[in-house]
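Numbering (our numbering), first residue to last: 213 to 522. Note that beta-carbon positions come from the ideal geometry of N, C-alpha and C, so glycine has one too. If you're wondering where the values come from, they're calculated on a predicted model, not measured in any experiment.
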């Protein structure tokens, strides 16, 4: 349990792995771990990916974006950073600051069908990674290192029939109002522009239309697509979940929240430099749900803005 980066008892078994997610000086790059799966994942089947992480005592930074990239072949890239769009991120993709013990994380995703290998690491650029400076634990006598570094253990990948079969947090926390869904679909390497635009879906907290950090980072990626393809026009579709619709019947302030979500997304892209005439907005309330399930996570999946090329 004791190593150069700190002390942590394994969550399960006798060992755990360590991985760097952020370095102030990029000369050494980041750390990535690749392993084969037992077999190919089944197309269109849902899988629950769960794991536990603990921020190392010596780490000066906590980060988000510790994700999983599934591929048909092993990933070999002679680069400081491996940047990928098709990354599975945890539902709670915030800067993970827990040093004392383990933080349990999970996400449900749908397999494309070619997945044979998994690579673990931070696949996002520094500008799209949230970092938080940490104080050194009093009981740790070593020196802090100018990087983000996590211990990782108890990684599990199992097929599930329902999203509700994949749980990793306390029940009270799951059912609380502050839940925002984290996108987890994987894009094929040869995805078309329309598919990339469609995959840029962003999500919202219940009864809110504010753009949070993860939303803005996703929209930054969409902006790059639009900037590189100036002839493309898109439609921005705002959506609500059923509980929000019911609440809007009682309180007028929530009545047009699907519309305001779409408008806020459009304004963000316009402020970045996209011409307003290239973006049309529509509001669907809860008429086009992503899922018919009524679990808290499913409702969070319906609170979204989607995109399509027109």
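{"Asked": "For the 8 angstroms Cβ check, are there 3 or more pairs between the region 492 to 503 and the region 424 to 435?", "Found": "no"}
{"Asked": "Any contact of the region 359 to 375 with the region 245 to 262, i.e. 3+ C-beta pairs under 8 angstroms?", "Found": "yes"}
{"Asked": "Quick one: is residue 237 buried, meaning 16 or more other Cβ sit within 10 Å of its Cβ, or exposed?", "Found": "exposed"}
{"Asked": "When burial is assigned at 16 or more other CB atoms within 10 Å of the CB, is residue 218 buried or exposed?", "Found": "buried"}
{"Asked": "Within 10 angstroms of the Cβ of residue 214, are there 16 or more other Cβ atoms? Answer buried if so, exposed if not.", "Found": "exposed"}
{"Asked": "Go ahead and pull the three-state DSSP assignment for residue 471.", "Found": "helix"}
{"Asked": "Under 8 angstroms, do residue 234 and residue 334 count as touching if we go by C-beta distance?", "Found": "yes"}
{"Asked": "Ordered along the chain, which non-local residues of its own chain (more than five positions away) have a Cβ less than 6 angstroms from that of residue 253?", "Found": "323, 327"}
{"Asked": "Under a three-way DSSP split, which group does residue 500 fall into?", "Found": "coil"}
{"Asked": "According to DSSP, which residues form a beta bridge with residue 318?", "Found": "262"}
{"Asked": "What first and last residue would you give for the beta strand (DSSP E) that runs through residue 520?", "Found": "516 to 521"}
{"Asked": "If you measure between the beta carbons of residue 391 and residue 418, is that distance less than 8 angstroms?", "Found": "yes"}
{"Asked": "If I follow the unbroken alpha helix (DSSP H) through residue 460, where does it start and stop?", "Found": "454 to 460"}
{"Asked": "Can you list, in chain order, the residues of its chain with a C-beta nearer than 8 angstroms to that of residue 425? Leave out the 5 residues immediately preceding and following it.", "Found": "342"}
{"Asked": "Identify the continuous beta strand (DSSP E) that holds residue 365 and give its terminal residues.", "Found": "357 to 372"}
{"Asked": "Please classify residue 269 as buried or exposed, where buried requires at least 16 neighbouring CB atoms within 10 angstroms.", "Found": "buried"}
{"Asked": "Measuring only from the beta carbon, is residue 367 closer than 7 angstroms to any heavy atom that is part of the ligand NAD?", "Found": "Within the structure as shown, the ligand NAD is missing, as the structure has no ligands at all."}
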